[in-house]
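In what follows, a structure is listed as structure tokens, so that the remarks can point back to it.
There are 2 protein chains.
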Amino acid sequence: MSEIANTPEPPYYAVIFTSERSDGDNGYGEMAEEMVRLAAAQPGFLGVESAREGVGITVSYWESLEAIHNWKQNERHMIAQQKGMSEWYLRYKTRVCKVERDYGFGRG
Amino acid sequence: MSEIANTPEPPYYAVIFTSERSDGDNGYGEMAEEMVRLAAAQPGFLGVESAREGVGITVSYWESLEAIHNWKQNERHMIAQQKGMSEWYLRYKTRVCKVERDYGFGRG
Numbered sequence: 001m002s003e004i005a006n007t008p009e010p011p012y013y014a015v016i017f018t019s020e021r022s023d024g025d026n027g028y029g030e031m032a033e034e035m036v037r038l039a040a041a042q043p044g045f046l047g048v049e050s051a052r053e054g055v056g057i058t059v060s061y062w063e064s065l066e067a068i069h070n071w072k073q074n075e076r077h078m079i080a081q082q083k084g085m086s087e088w089y090l091r092y093k094t095r096v097c098k099v100e101r102d103y104g105f106g107r108g
Numbered sequence: 001m002s003e004i005a006n007t008p009e010p011p012y013y014a015v016i017f018t019s020e021r022s023d024g025d026n027g028y029g030e031m032a033e034e035m036v037r038l039a040a041a042q043p044g045f046l047g048v049e050s051a052r053e054g055v056g057i058t059v060s061y062w063e064s065l066e067a068i069h070n071w072k073q074n075e076r077h078m079i080a081q082q083k084g085m086s087e088w089y090l091r092y093k094t095r096v097c098k099v100e101r102d103y104g105f106g107r108g
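So the protein sequences, as listed, match chains A and B. Per full-length UniProt numbering, the very first residue in the first sequence carries number 1; after that it's consecutive. Per full-length UniProt numbering, the very first residue in the second sequence carries number 1; after that it's consecutive.
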């Protein structure tokens, strides 16, 4: 289960990936887990948050645009992106953002 | 149920709100629906995406930082923010971002 990512002081970068799945698993669950493991091992990775309820929203956080670019070019990730279009998603949107400001709240 | 937001060409702004709920509804569901309606009526609102699965992620999209600021100062929204801290959330993080680039995929 996802938690709130423990990111450093801004500025840093966020990739918002919003998707609608097609029916059936077709290897999606296994690949999704592998992608989270692989992303977390990339240079410049800061954290990830994810939830699906009808639509799926995954936000990954990165130190730089270069780190995002390198992750997009990762060989296993490129295979996953291809399978995403051919099998797992009906549609998706990816937004690359600069986080300019953040604030939070927590009890206890 | 949330859908992928139909946003214009970048640049525009995103507010990523990631939260962990406390137990019980305590008026949360009703207020959450009101906030979505109210936000959608604000000047500069572009769209919203939302999912909860353990963690909740709501991303709202805006034309400008001024539009985000005005929404944060909305009277009903300020009451909701207060109740969020006192009742509905164990913790949350809000990130204000500039969307620099986006791309997508859709079938048919």
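Where a beta carbon is used, it is the ideal one built from N, C-alpha and C, also for glycine.
Taking the Cα positions, A:Tyr103 is about 9 Å away from B:Tyr92.
At a Cβ-Cβ threshold of 9 Å, A:Gly44 and A:Ala80 do not count as neighbours. In terms of CA proximity to B:Tyr89, B:Asn26 leads the group B:Val99, B:Tyr12, B:Cys97 and B:Asn26. For B:Phe105, a Cβ of chain A is located within less than 9 Å of the residue's own Cβ.
Its chain contains Leu46 as the residues whose beta carbon lies nearer than 8 Å to that of B:Pro8, once the 5 sequence neighbours on both sides are disregarded; these appear in chain order.
In the displayed model, B:Ile4 falls within coil according to three-state DSSP, outside both helix and strand. The beta carbon of B:Val59 sits closer than 8 Å to those of Ala5, Ala14, Val15, Ile16, Phe17, Val48, Glu49 and Ser50, all from its chain and outside the five residues before and after it, given in chain order. According to DSSP, A:Ala51 shares a beta bridge with A:Ile57. Ranked by how close their Cα comes to the Cα of A:Glu20, the residues A:Gln73, A:Met85, A:Arg37 and A:Val96 have A:Met85 in first place. In the DSSP annotation of this structure, the continuous segment of the alpha helix (DSSP H) that includes A:Ala80 starts and ends at Glu75 to Lys83.
Residue-level contact check: B:Ile16 touches chain A, since one or more beta carbons of chain A fall below 9 Å from its beta carbon.
By the C-beta density criterion, B:Arg37 is exposed, having fewer than 16 other C-beta atoms within 10 angstroms. A:Gly106 has B:Arg91 as its beta-bridge partners, per DSSP. DSSP, reduced to helix, strand and coil, places B:Glu20 within a strand of the structure shown. Near chain B, meaning a CB-to-CB distance below 7 Å, the residues of the UniProt domain "ABM" (13 to 78) of chain A are Ala14, Ile16, Thr18, Glu20, Glu49, Ala51, Arg52, Glu53, Gly54, Val55, Gly56, Ile57 and Val59.
Rounded to whole angstroms, the gap between the alpha carbons of A:Ile57 and B:His69 is 24 Å. Collapsing the DSSP output to three states places A:Glu34 in a helix. At a cut-off of 9 Å between beta carbons, A:Glu3 contacts chain B. In the DSSP assignment, B:Asn70 falls within the unbroken alpha helix (DSSP H) covering Leu65 to Lys72.
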